[in-house]
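See below for the structure under consideration.
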Amino acid sequence: MADILYVYQKNVYVNLTNRCPARCVFCVRNKKDGVGGSHLVLEEEPTADELRAAIDAFSFDGYEELVFCGYGEPTCAVDNLVETARYFKERHTQKIRVDTNGLGCLYNHRDILPEMAEVVDRFSVSLNAPDRKRYDELVRPPYENAFEEVLRFGTAARELGKDVVFSVVSILSEEEIDRCRSLAADYGIPLKVRSYIQEEDEQ
Ligand code: SF4
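Counted from 1, the sequence shown has number 969 at position 173 by the numbering used here; the numbering is strictly sequential.
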């Protein structure tokens, strides 16, 4: 059975869903069934009851953040995400982060940010590329305006008062990473570069 909660370094991660509308060429799911000794391929998505039970059974002492990330795009299960984050927030003091591809509003056909902003403290949004052409090559999204939506999503989250970082994976060239950094700075958002090797160990 797949793990609902798993630990990586100082954080606890929630494995909400394996769904994702994108098909990133670098996605760790193309290579293995889990990270850090956890098995993350879900036979069925956990229900809200199962998520609450997993939180009740876990000791969060000493951990820094609860991160919705898992082995898919967490906003594909946004209702369970918000409900679980609210349940956690009522009981624990750790910050809540969502690692997202930034395409959740397109996937859900509505603006999901206001409901997430009620319970989420931080967003790490995958920028992935310095321009639309490169983004489409790497992420292979099913939406025409995906790259622009990622920029909009990050900006909108920040305007709601959230900590936001854009992220890229180090399969980009140094020149491309510099362009991503410059683009992120244009939006007033810092850029985090995740090593491709690290990406294999940290979803
Ligand atoms: S957005 Fe994340 S989960 Fe989805 S394909 Fe890309 S790396 Fe994988």
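Virtual Cβ for every residue (Gly too), placed ideally from N, Cα, C.
Keep in mind the model is a prediction, meaning the values are calculated, not measured.
Bridge-paired residues (DSSP) for residue i
i      : result
Glu892 : This sequence places Ile at residue 892; Glu is not what is there. Leu862, per the DSSP bridge assignment.
Ser963 : Ser922, Lys988
Leu801 : Val810
Opening and closing residue of the alpha helix (DSSP H) in which residue i lies
i      : result
Phe943 : 942-955
Arg990 : Unbroken run through Arg990 is the beta strand (DSSP E), 987-990; no alpha helix (DSSP H).
Leu934 : 928-935
Asn904 : 900-904
Ser978 : 970-982
Leu847 : 844-853
Leu909 : 909-913
Residue range of the unbroken beta strand (DSSP E) whose run includes residue i
i      : result
Asn807 : 807-810
Arg887 : Note, Arg887: premise wrong, no beta strand (DSSP E); not H, not E.
Arg918 : 918-922
Proximity below 7 Å, CB of residue i to CB of residue j
i      : j      : result
Val960 : Ala952 : no
Arg819 : Arg936 : yes
Asp967 : Val989 : What sits at residue 967 in the sequence shown is Ile, not Asp. No.
Gly950 : Ile985 : yes
Tyr931 : Phe943 : yes
Asn807 : Asp799 : no
Val946 : Val916 : no
Leu987 : Arg975 : no
Ala844 : Asn876 : yes
Gly900 : Thr880 : no
Leu847 : Pro926 : no
Val821 : Leu934 : yes
Arg825 : Tyr867 : yes
For residue i, the nearest candidate out of the options (CA to CA)
i      : options                        : result
Tyr903 : Leu862, Ala849, Tyr859, Tyr939 : Tyr939
Val837 : Thr880, Cys816, Pro926         : Cys816
Arg882 : Tyr867, Phe943, Leu862         : Leu862
Gly957 : Gly868, Glu914, Ala925         : Glu914
Gln805 : Val824, Asp875, Gly858, Tyr867 : Gly858
Glu955 : Tyr983, Glu970, His835         : Tyr983
Glu869 : Ala850, Asn897, His905         : Asn897
Tyr802 : Phe864, Asp845, Thr843         : Phe864
Val874 : Lys891, Tyr992, Ser855, Pro842 : Pro842
Val921 : Ala850, Val965, Lys885, His888 : Val965
Glu839 : Ala981, His905, Thr813, Leu847 : Thr813
Lys856 : His888, Val878, Tyr867         : The amino acid occupying residue 856 in the given sequence is Phe; Lys does not appear at that position. Comparing Cα positions, the closest option is His888.
Ala849 : Arg825, Phe884, Val824         : Phe884
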